[in-house]
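Protein chains: 2
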Amino acid sequence: MTNKSQPVKKRRNVRRKDERPGEILRAALEVFSINGYAGTRLDDVAERAGISKGTIYLYFNSKEELFHEMVRHWILPQLEKIEQIGKQPAGSAEDILREQLKVIYEDVVSTNASCIPKLIISEGTRFPELAEFYYQEIIIRAHESMHEIVKRGVAAGEFRPCALNWQLQAILSPALTAAIWKTVFDRFSPLDLKAYFQTHVDLLLHGLKVKS
Amino acid sequence: MTNKSQPVKKRRNVRRKDERPGEILRAALEVFSINGYAGTRLDDVAERAGISKGTIYLYFNSKEELFHEMVRHWILPQLEKIEQIGKQPAGSAEDILREQLKVIYEDVVSTNASCIPKLIISEGTRFPELAEFYYQEIIIRAHESMHEIVKRGVAAGEFRPCALNWQLQAILSPALTAAIWKTVFDRFSPLDLKAYFQTHVDLLLHGLKVKS
DNA sequence: TATTGATTACTGACCAGTCAGTCAGTATTA
DNA sequence: TAATACTGACTGACTGGTCAGTAATCAATA
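Which chain is which? The protein sequence lines are A and B, in order. Okay, so the first sequence: first residue is 31 according to the numbering used here, each after it adds one. Okay, so the second sequence: first residue is 31 according to the numbering used here, each after it adds one.
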């Protein structure tokens with residue numbers, strides 16, 4: 031009986047080629063969102079994903095590529111959902127706008143994906159092409175989809191015409207602030223997301239709708 | 031005549047004990063805001079301040095302390111200005127609120143200090159005590175000062191009572207978004223700050239004021 | 001079913017480069 | 001001449017990326 035200290039027979043990982051990329055992208059989201067890009071060690075990402083650092087390089091070419099893929103992976107599906115809702119021909123502009131905002135709060139702000147905006151803000155200056163991707167492929171598209179609904183509401187006499195340039199200030203800013211709050215300040219002062227969402231929607235629609 | 035390559039007689043820096051800290055804090059703001067905390071090299075801060083790295087350590091004990099001091103230095107004066115305006119006994123609530131917002135846009139959003147919010151968002155998770163300082167000493171105080179004015183407006187019958195919980199959504203969010211935009215996306219799509227500010231104020235006061 | 005050999009997902013020690021922090025020495029000022 | 005603001009080469013710790021080696025898996029064969 032050997033009593034060599036810690037023979038341990040370190041358990042090797044089984045092979046799961048298909049699941050790895052998704053697991054790595056989830057681990058990356060968690061670690062990058064805490065430490066930022068430069069502050070994140072790939073060893074930590076690997077540990078959280080339950081693999082070794084070398085394995086990351088089997089699926090991604092570099093730290094930078096991993097970061098880019100992670101952003102795409104955690105935000106594009108939500109954007110497409112918002113665009114789909116906007117394409118519904120039926121329903122009042124108010125209802126569609128409410129549904130789009132609901133997706134923003136339920137599928138972004140109150141999930142893990144809420145730290146993506148924070149990461150873009152943090153790293154956008156150092157990775158201009160990332161900021162540009164996010165601007166062109168996320169902000170502009172979300173913006174246009176929702177602006178379309180506002181225009182439709184104005185055309186139908188449902189909304190006031192003067193509201194056409196309130197987009198950023200009234201529609202997106204409060205949601206962005208909520209995402210940031212959740213990520214940065216929630217531990218000191220938890221945000222009641224349901225109430226916040228309600229207030230945001232009330233405020234917006236009160237401003238948009240013609241007097242009834 | 032020596033023709034030694036580059037005798038150069040590198041000009042040594044003169045001694046200016048009093049000006050150094052301010053110069054270092056300005057250089058730090060510029061470099062940290064581009065690269066973030068972990069991504070910033072103190073050699074770059076030193077170079078931008080026109081000194082050598084060692085000199086930084088004559089005035090600040092560590093990179094972390096420099097970062098903290100920088101945040102305080104570039105945001106506390108503006109906060110105090112906002113609080114001063116809130117303490118004016120005279121004037122309508124609308125006028126005071128307008129003036130406070132004006133300070134936020136003119137002294138924060140459109141100056142170098144606009145990247146402080148970005149830095150808090152970026153580094154708040156890694157430096158919880160920094161996030162807490164910013165929450166307790168900046169956000170709460172600004173929030174309370176402006177909330178006080180809204181309450182005064184409601185009491186005077188100038189504002190609608192229901193608006194008391196619109197603070198974050200209506201008052202601060204659009205300004206935060208503007209600061210972020212200036213720092214991250216302005217190069218792709220410049221923000222017309224004057225128009226944005228005007229829209230923000232109109233939107234807010236339209237929501238706050240009782241029907242006239 | 002058992003054995004064998006080929007394939008490849010995965011590992012982790014290592015290397016080369018980077019940077020916060022130090023301190024002995026230099027130049028400036030009083 | 002004394003005091004000290006300032007310098008910059010140096011160190012030690014750390015990390016992105018590499019790659020030779022290991023073992024899990026599978027197909028072919030007995």
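Quick reminder that beta carbons are idealized off the backbone N, C-alpha and C, glycines included.
Closer than 7 angstroms, CB to CB, is residue i near chain B or not?
{"i": "His-230/A", "result": "yes"}
{"i": "Thr-155/A", "result": "yes"}
{"i": "Gly-13/A", "result": "The first residue shown for chain A is 31 and the last is 242, placing residue 13/A beyond what the model contains."}
{"i": "Tyr-165/A", "result": "yes"}
{"i": "Pro-204/A", "result": "yes"}
{"i": "Gln-199/A", "result": "yes"}
{"i": "Ile-210/A", "result": "yes"}
{"i": "Phe-97/A", "result": "no"}
{"i": "Phe-57/A", "result": "Checking the sequence shown, residue 57/A turns out to be Ala, not Phe. It does not: the Cβ of Ala-57/A has no partner Cβ on chain B nearer than 7 angstroms."}
{"i": "Lys-93/A", "result": "no"}
{"i": "Lys-148/A", "result": "yes"}
{"i": "Asn-142/A", "result": "no"}
So what does residue i bridge to, in DSSP terms?
{"i": "Val-239/A", "result": "The sequence shown places Lys at residue 239/A, rather than the Val named in the question. Looking at the DSSP assignment, Lys-239/A forms a beta bridge with Phe-189/A."}
Which residue's Cα is closest to the Cα of residue i: the options?
{"i": "Arg-46/A", "options": "Val-75/A, Ala-79/A and Asp-74/A", "result": "Ala-79/A"}
{"i": "Met-176/B", "options": "Phe-62/B, Glu-77/B, Leu-109/B and Tyr-87/B", "result": "Leu-109/B"}
{"i": "Arg-182/A", "options": "Phe-218/A, Ala-120/A and Pro-158/A", "result": "Ala-120/A"}
{"i": "Glu-188/B", "options": "Leu-238/B, Ser-144/B and Leu-206/B", "result": "Leu-238/B"}
{"i": "Val-231/B", "options": "His-173/B, Arg-128/B and Val-184/B", "result": "Arg-128/B"}
{"i": "Lys-243/B", "options": "Ser-63/B, Ala-57/B and Pro-204/B", "result": "With chain B covering 31 to 242 only, the question about residue 243/B has no answer from this structure."}
{"i": "Pro-107/B", "options": "Arg-50/B, Arg-171/B and Ala-68/B", "result": "Arg-171/B"}
{"i": "Pro-51/A", "options": "Gly-66/A, Gly-69/A, Asn-91/A and Ile-64/A", "result": "Asn-91/A"}
{"i": "Arg-217/B", "options": "Glu-159/A, Val-180/A and Ile-168/A", "result": "Glu-159/A"}
{"i": "Lys-117/A", "options": "Ala-205/A, Pro-204/A and Glu-174/A", "result": "Glu-174/A"}
{"i": "Ser-219/B", "options": "Thr-229/A, Ala-143/A, Phe-163/A and Gly-69/A", "result": "Phe-163/A"}
{"i": "Asn-43/A", "options": "Ile-81/A, Ala-205/A, Glu-49/A and Phe-62/A", "result": "Ile-81/A"}
{"i": "Ile-112/B", "options": "Thr-229/B, Leu-202/B and Val-184/B", "result": "Leu-202/B"}
{"i": "Lys-148/A", "options": "Gly-66/B, Thr-229/B and Val-61/B", "result": "Gly-66/B"}
{"i": "Glu-124/A", "options": "Leu-206/A, Val-184/A and Pro-204/A", "result": "Val-184/A"}
{"i": "Val-61/B", "options": "Glu-77/B, Glu-49/B and Asp-48/B", "result": "Glu-77/B"}
Less than 8 angstroms between the CB atoms is what I'm expecting for residue i and residue j, so what's the real figure, rounded?
{"i": "Leu-221/B", "j": "Ala-200/B", "result": "So it is not a contact: roughly 19 angstroms between Cβ atoms."}
{"i": "Val-75/A", "j": "Ile-86/A", "result": "7 angstroms"}
{"i": "Leu-59/B", "j": "Cys-145/B", "result": "7 angstroms"}
{"i": "Ile-150/A", "j": "Ala-161/A", "result": "7 angstroms"}
{"i": "Ile-168/B", "j": "Ile-105/B", "result": "6 angstroms"}
{"i": "Phe-215/B", "j": "Tyr-165/A", "result": "5 angstroms"}
{"i": "Ala-68/B", "j": "Ala-186/A", "result": "With 8 angstroms as the limit, Ala-68/B and Ala-186/A do not qualify as a contact, their Cβ atoms being about 51 angstroms apart."}
{"i": "Thr-229/A", "j": "Leu-206/B", "result": "Rounded, the Cβ-Cβ distance is 16 angstroms, inconsistent with contact."}
Any beta-carbon of chain A closer than 7 angstroms to the one on residue i?
{"i": "Ser-152/B", "result": "yes"}
{"i": "Gly-183/B", "result": "no"}
{"i": "Thr-207/B", "result": "yes"}
{"i": "Leu-106/B", "result": "no"}
{"i": "Leu-258/B", "result": "Chain B is shown only over 31 to 242; residue 258/B falls outside these bounds and no answer can be derived."}
{"i": "Phe-218/B", "result": "yes"}
{"i": "Lys-241/B", "result": "no"}
With three or more beta-carbon pairs closer than 8 angstroms as the criterion, would you say the segment 180-196 of chain A touches the segment 95-115 of chain B?
no
Is the segment 194-211 of chain B close to the segment 137-151 of chain B, with three or more CB pairs under 8 angstroms?
yes
When the Cβ atoms of the segment 147-156 of chain A are set against those of the segment 223-231 of chain A, are three or more pairs found closer than 8 angstroms?
Here the segment 147-156 of chain A does not lie against the segment 223-231 of chain A, with fewer than 3 beta-carbon pairs under 8 angstroms apart.
Cβ pair count under 8 angstroms reaching 3, the segment 82-97 of chain A against the segment 127-135 of chain A:
Counting Cβ pairs under 8 angstroms, fewer than three are found: no touch.
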